Structures are given as C-alpha cells and as structure tokens.
Ligand SMILES: [Zn+2]
Ligand SMILES: [Zn+2]
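In this note's numbering, the protein residues as written are 444 to 727.
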C-alpha cells in the first residue's frame, strides 16, 4: 500500500479491506489501517511526474479502494460467499477449468466480452466461483458487477406488484449494471410470467452487448441435468414420485436459450458434491 507501513496489517493482510457476512449480504469496509491515507492525505489524488518530468495528477490507490468497497456493497453477494476469492487455494480438480476461465475473463475483461454459462449439479461450487469472480472484478478491476439470484428476483417482482412497484423498477438496475451474474437460472415454476421476466432481462443485456454470467443446475443433457422428484398432490400411498429431467432448453425455451448461447461460453462443472463432508479432502 502506498505510504502505509511496510508491515502487513494482520486484520486485512494488507488489502486495506475487510469483508464480512451479514444476515443479508457480504459487506465490505475499509480496515482500520486504511482509513487514513498518508500518501495523499485523504485527498484521493497524488502529484507525480511523467517521463518528461511534466507534473500530472493521478488517482491514489486509496480512492480506488474506497470506490471498490462501495461497488462491492452494491453487488448483493450473499453472506455465505463473503470469503469467495479466485485464489489458488480454492482451485481444485473439479472446478479448475471453470476457475481458470473466470480468472482469465476477470483479468482480460473489456466491455462487450462474452460471459460464461456455468452448468452443473447443485453443490459443485458454481455460485462460490461466481461470487469469487465478482470480488475479482470489483477489487481487481474496479468494474461494477452485480449478483442476483433469479428465484429471489422473481419473488421480489411478485412482491413489488402488491406495493405498486413496477417490474421495470427492479429489472432496470440489472439491465444497466456493467457486468451481471444471474444465479440459479431456470429455477422456479417456469410460468409464462417467469419466462417473460427472463426474456426482458436477457434481451436487453444482449442488445446492450453487456457481459452476463449465469449459473444453472440444468444442463444440455437429460443424463447430467438436475433430476427433480415431485409428489403429486393427489398421490395415493405406494405411488412413486414424478421424476423430471428438464434440460436448460426445456426450462427456458428455444428463443432465450439461443440468445444465451450467443452471449456466453459454456462451462460444464462436474464432480463431487462439495456439500458432502467426505469430499472435502479433495479440495486441497
Ligand atoms: Zn488492515
Ligand atoms: Zn490516498
């Protein structure tokens, strides 16, 4: 850190930022050690000289850090992913390919870049990587990036109707934000209402050439997609559950699906369920 002590702060490991889980979202704040900047005396700007010894003003690191803290607190990363980072300790045999793709996208990102569609069974770590990507985009690149769970978005829109809030009020920020991560694509009851929300969101981001990432439990193949068992309301004892194996195409329909494939490169994540304790040894 510029102008700060050469000894790394133990609390933030020198990043100047602390991130904690709250009941709703992950929250970032400046670490004690970064509250006052000696390099610029909190002005946010530093006088420097270029190669020709001309004086120029450049942004101090502390100003970028403050901006990133604000962006992160707007991002809506769920509290349980407060620790998600694209750091090597989180890379493993199951997520390695996707991990590398996300890291590459974050490091090379420019507006208009294709996003990624992370497909795989629940528990393979898709949302963790997506949250880690957001951290990297915001603190590494200073790019506004939002996280939205598609299922929550739908509930909010439904709740909004009763409070006279229009759906566009809730969707517009997601259309506008530079980079968007939609978690749990395809989850829901798949009603025409839900299809329509998704259509509006995806079409507008597509038309605006905006980078969008998705995670989904539904894949392109009946053999790898999410298997859902539902018990019919009028089921008689002894009668089995209804088993469905919808592919992503089944869930979102051909029109949205083909847009999605144009907007995103596909990443299929396989592997042991990270939520099963016995597989934790394979994380290292
Ligand atoms: Zn610190
Ligand atoms: Zn400063």
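C-beta atoms are modelled at their ideal positions from N, C-alpha and C, and glycine is treated no differently. Given the structure is predicted, the values throughout are model-derived calculations rather than measurements.
Residues sharing a beta bridge with residue i, DSSP
i	result
residue 589	623
residue 672	686
residue 558	707
residue 728	Outside the displayed span of the chain (444 to 727) sits residue 728, for which this structure offers no information.
residue 502	488
residue 599	Beta-bridge pairing links residue 599 to no other residue.
residue 464	469
residue 521	468
Contact under 8 Å by Cβ, residue i with residue j
i	j	result
residue 525	residue 573	no
residue 522	residue 467	yes
residue 631	residue 594	yes
residue 703	residue 614	no
residue 576	residue 656	yes
residue 654	residue 585	no
residue 713	residue 563	yes
residue 591	residue 625	yes
residue 618	residue 652	no
residue 544	residue 559	yes
residue 587	residue 612	no
Buried or exposed by the 16-neighbour rule on C-beta atoms within 10 Å, applied to residue i
i	result
residue 589	buried
residue 491	exposed
residue 665	exposed
residue 604	exposed
residue 610	buried
residue 579	buried
residue 701	exposed
residue 453	exposed
residue 527	buried
residue 697	exposed
residue 508	buried
residue 520	buried
Residue i beta carbon near ligand 4 (any heavy atom closer than 7 Å)
i	result
residue 477	What this structure holds is ligand 1 and ligand 2, not ligand 4.
Residues of its chain near residue i, where Cβ-Cβ distance is below 8 Å and the 5 sequence neighbours each way are ignored
i	result
residue 728	Within the shown structure, residues of the chain are numbered from 444 to 727, placing residue 728 beyond reach of any answer.
residue 486	503
residue 499	490, 491, 492, 493
residue 581	511, 514, 515, 518, 587, 588
Other residues of its chain near residue i: CB distance less than 7 Å, five sequence neighbours each side excluded
i	result
residue 483	489, 503, 505
residue 684	672, 673, 674
residue 688	665, 668, 670
Proximal residues to residue i (C-beta, below 6 Å), its chain only, five neighbours per side dropped
i	result
residue 461	455, 472, 474
residue 457	451
residue 501	489, 491
CB contact check: residue i to chain C, cutoff 8 Å
i	result
residue 531	Absent from the structure is chain C; it holds one protein chain and no more.
Query raised in the report: Is there contact between the region 657-668 and the region 689-701, where contact requires at least three CB pairs shorter than 8 Å?
Result: yes
Query raised in the report: So, do the region 472-480 and the region 543-552 have three or more beta carbon pairs nearer to each other than 8 Å?
Result: no
**Report entry** Cβ pair count under 8 Å reaching 3, the region 636-644 against the region 663-678
**Finding:** Put simply, the region 636-644 does not touch the region 663-678. Fewer than three CB pairs are less than 8 Å apart.
Query raised in the report: Would you say the region 541-548 touches the region 704-713, given that touching needs at least three Cβ pairs under 8 Å?
Result: yes
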